[in-house]
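Chemist: This note's numbering puts the sequence shown at residues 3 to 120.
Let me give you the structure first, and then I'll get to my questions.
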Amino acid sequence: MPQITLEHSTHFDAADYRALALEIHQLCVTHVGATIQACKTRVIRVENLIIANGSPKQAMAHCDLRILSGRTQEQKTALADAVQQAMLKHLTQYDGPRQISVEIGNLDKPNYRKDVLG
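Dropping the structure here:
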């Protein structure tokens with residue numbers, strides 16, 4: 003926890019996803035009390051994508067961020083707002099039509115398992 007997935011269209015290939023991920027990790031510490039060691043981010047480049055009217059000029063980036071259940075709605079809202087601002091700051095490589103979104107979801111604590119080995 004947290005489990006973070008950053009999906010993006012090819013329009014944002016030049017972004018520094020390492021810097022964005024590390025900033026999101028720190029935001030998780032600040033807003034929901036996560037530890038840096040627990041943060042994991044996967045960056046997924048999406049080539050086959052249809053947005054709105056299907057124009058190839060349409061771009062998107064989406065952060066799906068899952069945290070252990072038990073956080074307040076205020077904590078999740080603050081985290082979503084902060085991550086949205088980080089994404090807007092880091093994803094400036096394309097100025098055409100674009101959608102940048104964030105969703106904060108829960109990992110169900112009783113059903114989540116994790117082992118750290120080595």
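Virtual Cβ for every residue (Gly too), placed ideally from N, Cα, C.
Everything numeric in this text was worked out from a predicted model, so none of it was measured.
Let me confirm a value: residue 114 is counted as buried when at least 16 other C-beta atoms fall within 10 Å, else exposed. Which label applies?
Modeler: exposed
Chemist: For residue 44, which three-state DSSP category applies?
Modeler: Assigned with DSSP and collapsed to three states, residue 44 falls in strand.
Chemist: Between residue 97 and chain C, is the shortest Cβ-Cβ distance under 8 angstroms, so that the two count as touching?
Modeler: Among the protein chains of the structure shown there is no chain C, as only one such chain exists.
Chemist: Helix, strand or coil: which one does DSSP assign to residue 7?
Modeler: In this structure, DSSP gives residue 7 an extended state, which the three-state scheme calls strand.
Chemist: Just how far apart, CA to CA, sit residue 12 and residue 26?
Modeler: Annotation: residue 12 to residue 26 spans about 21 angstroms, alpha carbon to alpha carbon.
Chemist: For residue 101, write down the residues that DSSP places opposite it in a beta bridge.
Modeler: For residue 101, which the question treats as bridged, DSSP gives the partners 62.
Chemist: Taking the alpha carbon of residue 8 as the reference point, which residue from 110, 102 and 120 has its own alpha carbon closest?
Modeler: 102
Chemist: Check residue 108 in the structure and name its three-state DSSP category.
Modeler: It is a strand residue.
Chemist: Are at least three pairs of beta-carbons, each pair with one atom in the segment 75-94 and one in the segment 20-37, less than 8 angstroms apart?
Modeler: Segments in contact, yes.
Chemist: Report buried or exposed for residue 54, applying the criterion of at least 16 other Cβ atoms within 10 angstroms of its Cβ.
Modeler: exposed
Chemist: Would you kindly work out how many angstroms separate the C-alpha atoms of residue 109 and residue 97, rounded to a whole number?
Modeler: 34 angstroms
Chemist: Under the rule that 16 or more other beta-carbon atoms within 10 Å means buried, what is residue 4, buried or exposed?
Modeler: buried
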